[in-house]
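In this note's numbering, the protein residues as written are 2 to 214.
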Ligand code: TMP
């Protein structure tokens with residue numbers, strides 16, 4: 002069955018500005034008369050809130066395999082109880098992170114995919130729900146991490162993964178470059194090193210094509 006709604010995801014390293022851009026994009030789409038759902042992974046269902054806390058609060062340090070499975074568990078619950086129903090209602094679903102984050106953080110940066118094909122597990126959690134368009138907000142790991150640290154100094158919540166070393170965030174960034182090359186039909190690199198208004202205009206220009214489709 003073809004979805005009536007549209008699934009658009011926002012991806013990138015921590016501190017890339019994707020959450021701000023998702024919000025601005027949602028407001029703009031609403032201005033175009035679209036019914037928009039803003040959501041995120043992990044943590045957008047009651048069960049997902051608990052999984053997010055297990056994963057990111059820092060109280061526990063899961064082994065990489067456990068970390069992967071918890072992110073997939075959150076996704077399965079979110080897709081089937083939130084995203085699919087929203088798409089069936091014809092909503093535009095803007096999701097802050099999706100499977101590309103798992104590819105970049107767990108399979109690549111944690112090195113879990115060495116010698117083993119884990120992509121079928123990612124597809125299993127997605128339950129057939131593949132994004133139509135993914136915006137990868139590209140900024141260097143060094144700049145992004147500086148933004149995260151500045152936010153934390155201002156009192157914002159910092160997660161267990163924010164605290165990873167620069168080298169980990171550099172591996173995540175390198176992985177996004179590869180993912181973007183692997184899925185050119187879906188994934189678009191957006192220069193996130195420029196000002197917020199310019200980034201948003203770039204995203205809107207890309208979405209105009211989808212609005213016409
Ligand atoms: P965020 O919601 O503030 O972006 O934080 C979520 C953190 O979880 C971020 O560091 C990226 C990480 N993450 C993964 O490692 N794998 C995943 O599959 C997802 C969705 C997020």
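By construction, the Cβ of each residue, glycine as well, lies at the ideal position given by its N, Cα and C atoms.
Residue 152 is bridged by DSSP to nothing; it lacks a bridge partner.
Straight-line spacing of the CA atoms in residue 47 and residue 189 works out to 31 Å. As a beta-bridge residue in DSSP terms, residue 12 pairs with 137. In the DSSP assignment, residue 26 falls within the unbroken alpha helix (DSSP H) covering 19 to 32. Residue 165 sits in coil when the DSSP states are folded into three classes, being neither helix nor strand. A straight-line Cα-Cα distance of about 18 Å links residue 22 and residue 92. In chain order, 55, 56, 71 place their CB closer than 8 Å to the CB of residue 63, counting only its own chain and leaving out the 5 sequence neighbours on each side. With the rule of 3 Cβ pairs closer than 8 Å, the segment 25 to 44 does not count as touching the segment 157 to 166. With a cutoff of 7 Å, residue 82 does not count as near ligand 1, since its C-beta is closer than that to no heavy atom of the ligand. Straight-line spacing of the CA atoms in residue 179 and residue 211 works out to 24 Å.
Look at the beta carbons and you see the segment 195 to 209 touching the segment 23 to 33: at least three pairs across the two are nearer than 8 Å. The C-alpha of residue 11 is placed about 6 Å away from the C-alpha of residue 135.
In this structure, residue 18 sits near residue 200, with a CB-CB distance shorter than 8 Å. Excluding the 5 residues flanking it on each side, residue 159 has same chain C-beta neighbours closer than 6 Å at 153, in chain order. DSSP lists 138 as the beta-bridge partner residues of residue 191. Relative to the non-hydrogen atoms of ligand 1, the Cβ of residue 72 comes within a distance shorter than 7 Å of at least one. Just so you know, the alpha carbons of residue 74 and residue 126 end up roughly 7 Å apart. Apart from sequence neighbours up to five positions away, the residues of its chain that approach residue 65 with a beta-carbon distance below 7 Å are 107, 111, 113, ordered along the chain.
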